[in-house]
Amino acid sequence: MAATHSRAEFPIQDDEQIIEQTVGALLREVAAEVPDRLCLIEVHDDGSRGSTWTFAQMLSDAERLAHALLSRFEPGEKICVWAPNVPEWIILEFACALSGLVLVTANPAYQVGELNYVLKQSGSVALFLTESYRGNPMAKIAQQAVGGLEGIREITNIQDHAALYHQASPTSGLPEVDPMSAAQIQYTSGTTGFPKGAMLHHLGLTNNARFYAQALDVEPGSHWATYMPLFHTSGCAMSLLGALANRSPLFVVKLFDPGPILEMLEREKVVWTGGVPTMFVAMLEVMKVRNFDLNSLQVVSSGGSMVAPELVRTVKEVFGCEFVTVYGQTECSPLVTMTRRSDTIEDTCTTIGRPLPQTEVSIRSVSKGTVKALGETGEICVRGYAKMLGYHDNPEATASTIDAEGWLHTGDLGHLDERGYVTINGRVKEMIIRGGENLFPAEIENTLLEHEAVADVAVVGLPDDKWGEIVAAFIRPAEGAVLNGDSLKAHCRERLAAIKTPVVWASVDSFPLTGSGKIQKFALRENYLKGEIQSLP
1 MAATHSRAEF
11 PIQDDEQIIE
21 QTVGALLREV
31 AAEVPDRLCL
41 IEVHDDGSRG
51 STWTFAQMLS
61 DAERLAHALL
71 SRFEPGEKIC
81 VWAPNVPEWI
91 ILEFACALSG
101 LVLVTANPAY
111 QVGELNYVLK
121 QSGSVALFLT
131 ESYRGNPMAK
141 IAQQAVGGLE
151 GIREITNIQD
161 HAALYHQASP
171 TSGLPEVDPM
181 SAAQIQYTSG
191 TTGFPKGAML
201 HHLGLTNNAR
211 FYAQALDVEP
221 GSHWATYMPL
231 FHTSGCAMSL
241 LGALANRSPL
251 FVVKLFDPGP
261 ILEMLEREKV
271 VWTGGVPTMF
281 VAMLEVMKVR
291 NFDLNSLQVV
301 SSGGSMVAPE
311 LVRTVKEVFG
321 CEFVTVYGQT
331 ECSPLVTMTR
341 RSDTIEDTCT
351 TIGRPLPQTE
361 VSIRSVSKGT
371 VKALGETGEI
381 CVRGYAKMLG
391 YHDNPEATAS
401 TIDAEGWLHT
411 GDLGHLDERG
421 YVTINGRVKE
431 MIIRGGENLF
441 PAEIENTLLE
451 HEAVADVAVV
461 GLPDDKWGEI
471 VAAFIRPAEG
481 AVLNGDSLKA
491 HCRERLAAIK
501 TPVVWASVDS
511 FPLTGSGKIQ
521 KFALRENYLK
531 GEIQSLP
């Protein structure tokens with residue numbers, strides 16, 4: 001299906017129907033179909049297998065925990081999970097879904113203030129956590145974070161099964177859960193500041209996962225593997241619910257370590273895996289010195305930040321598999337568009353694909369809200385079944401994100417072609433306005449990524465008395481490379497207008513990242529203005 005005439009709008013594709021289904025109902029459906037098939041395989045840090053669950057065992061444990069939770073909490077109450085990728089995290093996700101409780105997810109790297117904010121803002125009544133993770137003393141932090149929060153009734157170590165499954169009082173059957181009720185509160189990545197709690201409903205999560213699995217076009221029951229964090233939709237929705245929809249065993253890795261992960265992908269004959277670009281870069285570095293047989297791997301997916309064309313080509317060549325680029329955001333449960341395995345290398349490298357079924361996309365003027373013409377840059381707006389219910393206890397932010405016509409304004413800039421393929425041009429709030437001209441960081445970043453000395457780059461606007469903003473490029477150099485400002489400037493001037501060429505150049509060893517791997521450009525800007533990052537001579 002093509003875009004609507006010359007207008008940058010892509011209508012709903014209704015060849016796939018929306019199913020009125022909860023997360024718990026999807027688990028029950030799959031457990032009834034393939035009860036003895038493996039559902040979850042814990043992966044140790046060395047890449048070896050840990051505990052395993054069949055679909056029947058997962059349903060049994062989730063129902064048992066659901067009954068235990070309902071003896072201590074009421075349907076609709078919020079339960080916060082603050083833990084790395086451990087099996088109990090997944091059992092708790094399904095148990096909350098079956099019991100009508102709302103799962104609030106928190107990054108295990110949080111410190112006191114961050115955890116306190118999420119617990120307070122979400123109105124959580126309980127905190128489920130691990131003792132520690134990667135040196136972060138989580139139990140100690142939790143005791144400080146709950147100070148002053150009278151609503152917290154329980155703090156439970158998720159790996160203490162006696163406490164986790166404690167039945168406080170007898171319970172009757174599990175409740176009937178409304179597919180349009182909140183299943184999770186996911187806190188946004190925080191690329192622009194304080195996170196907001198996106199309330200995601202069951203129907204959006206289950207159907208989005210199903211459409212994603214179908215678009216990947218892999219055999220039902222084939223092996224999937226994830227090392228994306230479960231506290232993010234890429235882990236607990238795309239990976240976990242996608243595998244569930246595909247009736248596939250999911251290998252869940254707690255700690256990202258490229259060597260053991262590659263060994264696991266080889267040994268377990270994994271067919272699909274996904275990660276942010278930096279993860280694939282790390283795996284490619286290992287594969288330069290070690291050989292792995294990845295013949296079983298059919299497709300990998302990546303997104304969350306700009307995917308460099310050279311990375312796509314290298315992964316396809318070295319891994320020997322297809323590469324799909326995905327685009328979405330937490331507020332959309334999470335996927336909006338993706339490329340397909342049948343797409344050309346050019347489309348995979350330069351676009352974020354076309355919308356998933358039952359999803360409308362419109363490119364709108366940032367200032368006027370009118371629909372742009374095909375090929376023109378504007379804000380990517382989304383409408384459809386997967387849209388969040390709103391931001392928890394934040395009606396102002398909800399109203400500024402979802403308009404009166406039901407369009408969710410993503411804050412991303414892009415343009416649409418006549419086939420319905422979308423290309424990203426940056427963020428509305430990252431758009432640089434220099435002397436009244438709108439400049440899009442993604443265009444400049446893509447140009448710089450073609451330079452051999454550049455491994456990764458983030459382009460931001462810096463305040464300037466004359467121009468309002470000027471263009472600055474923060475570059476992580478390629479291994480062994482020495483950055484030269486004159487060479488970088490000449491590279492840009494051959495390919496870009498002078499107004500788009502950065503005037504400030506800086507080298508960084510790493511970028512400040514969100515929990516989902518996105519570069520926090522506001523932090524780069526702040527660090528530079530505070531003098532913590534120096535310009536190239």
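Counting from 1, one number per residue, gives the positions in the sequence shown under the UniProt record's numbering.
Cβ coordinates follow ideal geometry from the N, Cα and C atoms, glycine included.
Quick caveat, the model's predicted, so the values are computed rather than measured.
- In this structure, the CA atom of Ile12 is about 17 Å from the CA atom of Tyr327.
- Look at Ala83 here: in three-state DSSP terms it is coil, with no helix or strand label.
- Going by beta carbons, Gly468 and Ile433 fall inside the 8 Å limit.
- Gly24 counts as buried, since no fewer than 16 other beta carbons sit within 10 angstroms of its beta carbon.
- In the DSSP assignment, Asp178 falls outside any beta strand (DSSP E), carrying neither H nor E.
- DSSP places His202 in the uninterrupted alpha helix (DSSP H) bounded by His202 to Leu216.
- Among the bridge pairs identified by DSSP, Glu437 is matched with Arg434.
- The DSSP-derived three-state label of Tyr327 is strand.
- Under DSSP, His409 takes part in a beta bridge, and its partners are Cys381.
- Residue pairing from DSSP leaves Leu536 without any beta-bridge partner.
- For the set Lys316, Gly303 and Cys321, the Cα lying nearest the Cα of Val270 is the one of Cys321.
- Taking the Cα of Cys381 as reference, the smallest distance to any Cα among Thr54, Ile363 and Gln186 is reached at Ile363.
- In this structure the segment 173–182 lies against the segment 95–102, because at least three pairs of beta carbons, one per stretch, are closer than 8 Å.
- Within the DSSP bridge table, the entry for Asp36 names no partner.
- Distance from Ala458 to Phe511 at the Cβ level is roughly 6 Å; contact confirmed, criterion being Cβ atoms closer than 8 Å.
- For Ile424, DSSP records a beta bridge to Gly414.
- Here the C-alpha atom of Gly515 lies approximately 15 Å from the C-alpha atom of Val104.
- By the Cβ neighbour-count rule, Ser169 is exposed, with fewer than 16 other Cβ atoms within 10 Å of its own.
- The UniProt domain "AMP-binding enzyme C-terminal" (443–518) contains, as complete beta strand (DSSP E) runs of 3+ residues, the segments 454–464, 468–477 and 504–507 (chain order).
- In this structure, the CA atom of Thr351 is about 14 Å from the CA atom of Ser301.
- Assignment of beta strand (DSSP E) within the segment 94–122, counting only whole runs of 3 or more residues, yields 102–106 in chain order.
- Three or more pairs of CB atoms, one per stretch, sit closer than 8 Å, so the segment 356–370 contacts the segment 209–228.
- Look at Leu294 here: in three-state DSSP terms it is coil, with no helix or strand label.
- In the structure shown, Asn136 adopts extended strand secondary structure according to DSSP, grouped into three states.
- DSSP places Ile345 inside the alpha helix (DSSP H), whose first and last residues are Ile345 to Thr350.
- Considering only Val281, Ile90, Asp293 and Ile79, the residue with the shortest C-alpha distance to Glu479 is Val281.
- Residue environment: Gly47 is assigned as buried (16 or more neighbouring CB atoms within 10 Å of its CB, all protein chains considered).
- When the beta-carbon positions are compared, Leu241 and Ala198 stay at least 8 Å from each other.
- Around Arg247, the same chain offers Val30, Val34, Pro220 and Gly221 as residues with beta carbons nearer than 6 Å, after the five sequence neighbours per side are excluded.
- Between the segment 72–80 and the segment 122–129 there are three or more inter-stretch CB-CB distances shorter than 8 Å, so the stretches are counted as touching.
- Fewer than three Cβ pairs drawn from the segment 368–383 and the segment 339–346 lie within less than 8 Å of each other, which leaves the two stretches out of contact.
- In this structure, the beta-carbon distance from Leu174 to Glu63 falls below 8 Å.
- Residues Phe280 and Phe323 of the same chain have their beta carbon placed closer than 6 Å to that of Val315, with the five preceding and five following residues left out of the count.
- In this structure, the alpha-carbon of Leu524 lies about 12 Å from that of Lys518.
- Between Ala399 and Lys196, the beta carbon gap of about 12 Å keeps them out of contact (Cβ cut-off 8 Å).
- Assignment of beta-bridge partners to Leu129 by DSSP yields Trp82 and Asn157.
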